[in-house]
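**Q** Quick one: the structure is below, and I'll ask about it shortly.
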Amino acid sequence: MPIEIVCKIKFSEEGEEDAKAKAKEEGDEQSVLLGGSGSGPAPRDLATFARSSSLHGLGRVCGRGPRGLRRALWALALLASLAACLYQAAGSARGYLARPHLASLDAATPALGFPAVTLCNINRFRHSALSDADIFHLANLTGLPPKDRDGHRAAGLRYPEPDMVDILNRTGHQLADMLKSCNFSGHRCSTSNFSVVYTRYGKCYTFNAGPHRLRPGRAGGMGSGLEIMLDVQQEEYLPIWRETNETSFEAGIRVQIHSQEEPPYIHQLGFGVSPGFQTFVSCQEQRLTYLPQPWGNCRTEPGSGEPGLQGYAAYSVSACRLRCEKEAVLRRCHCRMVHMPGNETICSPNIYIECADHTVDSLGGSPEGRCTCPTPCNLTRYGKEISMVRIPNRGSARYLARKYNRNETYIRENFLVLDVFFEALTSEVLEQRAAYSLSALLGDIGGQMGLFIGASILTLLEILDYIYEARIGQRGGGARGRGGVGRTEGQGGQRRKGERSGRERTGSLGGRRTRVLIPVPPHICRVTLDKSFHFSGS
Numbered sequence: 000m001p002i003e004i005v006c007k008i009k010f011s012e013e014g015e016e017d018a019k020a021k022a023k024e025e026g027d028e029q030s031v032l033l034g035g036s037g038s039g040p041a042p043r044d045l046a047t048f049a050r051s052s053s054l055h056g057l058g059r060v061c062g063r064g065p066r067g068l069r070r071a072l073w074a075l076a077l078l079a080s081l082a083a084c085l086y087q088a089a090g091s092a093r094g095y096l097a098r099p100h101l102a103s104l105d106a107a108t109p110a111l112g113f114p115a116v117t118l119c120n121i122n123r124f125r126h127s128a129l130s131d132a133d134i135f136h137l138a139n140l141t142g143l144p145p146k147d148r149d150g151h152r153a154a155g156l157r158y159p160e161p162d163m164v165d166i167l168n169r170t171g172h173q174l175a176d177m178l179k180s181c182n183f184s185g186h187r188c189s190t191s192n193f194s195v196v197y198t199r200y201g202k203c204y205t206f207n208a209g210p211h212r213l214r215p216g217r218a219g220g221m222g223s224g225l226e227i228m229l230d231v232q233q234e235e236y237l238p239i240w241r242e243t244n245e246t247s248f249e250a251g252i253r254v255q256i257h258s259q260e261e262p263p264y265i266h267q268l269g270f271g272v273s274p275g276f277q278t279f280v281s282c283q284e285q286r287l288t289y290l291p292q293p294w295g296n297c298r299t300e301p302g303s304g305e306p307g308l309q310g311y312a313a314y315s316v317s318a319c320r321l322r323c324e325k326e327a328v329l330r331r332c333h334c335r336m337v338h339m340p341g342n343e344t345i346c347s348p349n350i351y352i353e354c355a356d357h358t359v360d361s362l363g364g365s366p367e368g369r370c371t372c373p374t375p376c377n378l379t380r381y382g383k384e385i386s387m388v389r390i391p392n393r394g395s396a397r398y399l400a401r402k403y404n405r406n407e408t409y410i411r412e413n414f415l416v417l418d419v420f421f422e423a424l425t426s427e428v429l430e431q432r433a434a435y436s437l438s439a440l441l442g443d444i445g446g447q448m449g450l451f452i453g454a455s456i457l458t459l460l461e462i463l464d465y466i467y468e469a470r471i472g473q474r475g476g477g478a479r480g481r482g483g484v485g486r487t488e489g490q491g492g493q494r495r496k497g498e499r500s501g502r503e504r505t506g507s508l509g510g511r512r513t514r515v516l517i518p519v520p521p522h523i524c525r526v527t528l529d530k531s532f533h534f535s536g537s
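Start counting the sequence shown at 0; every next residue gets the next number (numbering that gives the first Met the number 0).
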């Protein structure tokens, strides 16, 4: 029984080329991330990259397809989203480069150490302790004329060169004469608990100077700190014959409360305590932490790469100022003042008044002479609240006069009481922190990229990879073009051979070989299948 089959067969070279092009796009690509080199196939075109890119909207703008209003709207949306992303990212970058910071305030309860308390009598030299040689050498400094005692004449005086350290140590007010009583946290203290220190006020004294055997703060409130009674000895104050830069009209003492690592800078940072009053100083420890560059301008510790200050164990603003003043005095006067650290020659009294004092006082007058002393990144300071009451009352005046063999007027004009204590055994911790960190900046930019264009770091790597492929393809394009001609010819010969073989194909059906003769041009053919399985075309 014959079987008749009607079929339409099309042989096209275009179909073969499309299949080969598709296989080339999908299988023959070499990426720089996968180790591709310039000797491989040509890179993907922009349309192919756009279809496979994870950047949202790029495939609808640059992919294959008809161009029209829809593609234009997608392009406009992509550009607008990209512009918004760049604008927001630039704002985030500007905010980060501004280096904003915030301050946090907290209250801690560590084991508090009692601060150092430095006190100086405002009068630098005791009048009764000055010798004729001292008066002669200190004439310009004190304002006293050389002809001060027993009719001495300046022309007849011949004295050895003065020693400023010896003069200050010998003629300054002695703590043993000034200190009348001393108590610390209910326990008696004495002059042995004070250390001698030299400042611009001359010979001064520091309680709890350290660094060894520091006294702790055991409780808060009055009676739990340092309480001392002092006699300022106004009868020893120098008479004023004429005014000088060192002339003082005050009576009393100067006090500075500071940490043990910080040298006293009492002529600028101290406060006055007047005789005839009991002065209460309530202290609050404050621990400050500042940010270094680029957020701030604080000075880090010497161990972090910056040199320390010669003569001081730790950096502080006071130590920096003293070092700066010393360098200025050394440059102009070729000596140093007594309160400045170092081993250089001590200035004489005449150089004190003619050069050294003037140099120190004029440091802040010109930009080139100004001291630049940044705040340390870690600082301990003490806030103060000062109050006072008048002493003595009538009853205590008589008692003190009898006790110290003085009259009541002397007690009222010379005696004072200083009470220094902690307000509470808590420490205020003020810490600066970066308000906008690098991780926050990257998070903001990543969120903006994801919101506006759906991109990430990997998307940027995709774009860089495509750019790299394109550049490599441009370099090797000429070589591939020359090699492609031979390949095309070879492929054409194979196709022509395939065309010839396409006209006569063999196959099997039912276990018997059959032969089908089909012309190459596409047409409608009628194939008749009989028992002998012979195909004939019409």
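The C-beta atom is built at its ideal place from N, Cα and C for all residues, glycine as well. Because the structure is a prediction, the values reported are computed rather than measured.
(1) Would you mind working out which of SER317, GLY382, HIS266 sits nearest CYS370, comparing C-alpha positions?
(2) By the three-class DSSP mapping on this structure, what secondary structure does PHE451 have?
(3) Within its chain, find whatever has a CB closer than 6 Å to the CB of ALA454; leave out the 5 residues flanking it on each side and keep chain order.
(4) Are the beta-carbon atoms of PRO114 and ILE256 separated by less than 9 Å?
(5) Going straight from the alpha carbon of ASP360 to that of SER436, what length do you get?
(6) Given this structure, state the Cα-to-Cα distance separating ASP162 from ARG169, to the nearest angstrom.
(7) Determine whether the Cβ of ARG59 lies closer than 9 Å to any Cβ atom of chain D.
(8) Considering Cα atoms alone, identify which of CYS84, ALA83, CYS61, MET177 is closest to PHE414.
(9) Roughly how many angstroms separate the alpha carbons of LEU460 and PRO109, rounded to a whole number?
(10) Starting from GLN267 and walking both ways along the alpha helix (DSSP H), at which residues does that stretch end?
(11) Taking DSSP's pairing of strands, which residues face ASP418 in a bridge?
(12) I need the straight-line Cα distance from ARG253 to ALA208, nearest angstrom please.
(13) Within a Cβ cutoff of 6 Å, which residues of the same chain sit near GLY382, ignoring the five residues on either side of it in sequence?
(14) Using a threshold of 9 Å, state whether the C-beta atoms of THR278 and VAL164 are closer than that.
(15) What's the gap between the Cα of ALA106 and the Cα of ALA423?
(16) Taking the CB atoms as reference points, tell me whether LEU101 and ALA439 lie closer together than 9 Å.
(17) For the candidate residues HIS266, LEU78, ASN377, CYS372, whose alpha-carbon lies nearest to that of THR299?
(18) Consult DSSP for PRO375 and reduce its assignment to one of helix, strand or coil.
(19) Return the chain-ordered list of same chain residues with a C-beta closer than 7 Å to the C-beta of VAL195, the five sequence neighbours on each side being excluded.
(20) Locate the beta strand (DSSP E) running through SER180, then write down its first and last residues.
(21) Run the CB neighbour count on HIS338, radius 10 Å, all protein chains shown included, and call it buried at 16 or more, exposed below.
(22) Taking only three categories from DSSP, how would you classify HIS172?
(23) For the pair the segment 68-75 and the segment 387-406, tell me if three or more CB-CB distances fall below 8 Å.
(24) Sort HIS136, TYR86, PHE193, SER347 by Cα distance to TYR158 and report the nearest one.
(25) Helix, strand or coil for GLN233? Go by DSSP, reduced to three states.
(26) Would you be able to state if there are at least three C-beta pairs under 8 Å between the segment 183-191 and the segment 318-328?
(27) Nearest to SER315 by CA position, among SER258, LEU290, CYS346, is which residue?
(28) Identify every residue that forms a DSSP beta bridge with VAL272.
(29) According to DSSP, simplified to helix, strand and coil, what is PRO99?
(30) Does DSSP put PRO348 in a helix, a strand or coil?
(31) For ARG199, which of TYR264, LEU213, GLU226 has the nearest alpha-carbon?
(32) Taking C-beta to C-beta, are ASP356 and SER91 nearer than 9 Å?
(33) Given this structure, state the Cα-to-Cα distance separating LEU143 from LEU129, to the nearest angstrom.
(34) According to DSSP, is LEU129 helix, strand or coil?
(35) Express the C-alpha separation of MET336 and ILE121 in angstroms, rounding to a whole number.
(36) PRO99: buried (16+ other C-beta within 10 angstroms of its C-beta) or exposed?
**A** A quick look at the data gives this:
(1) SER317
(2) helix
(3) LEU54, MET448
(4) yes
(5) 43 Å
(6) 11 Å
(7) Structure shown: chain D not included; a single protein chain is present.
(8) MET177
(9) 52 Å
(10) 265-268
(11) GLU226, PHE279
(12) 17 Å
(13) GLN283, GLN285
(14) no
(15) 11 Å
(16) no
(17) ASN377
(18) strand
(19) LYS202, TYR204
(20) 178-183
(21) buried
(22) coil
(23) no
(24) HIS136
(25) helix
(26) no
(27) SER258
(28) ILE252
(29) coil
(30) helix
(31) TYR264
(32) no
(33) 11 Å
(34) coil
(35) 18 Å
(36) exposed
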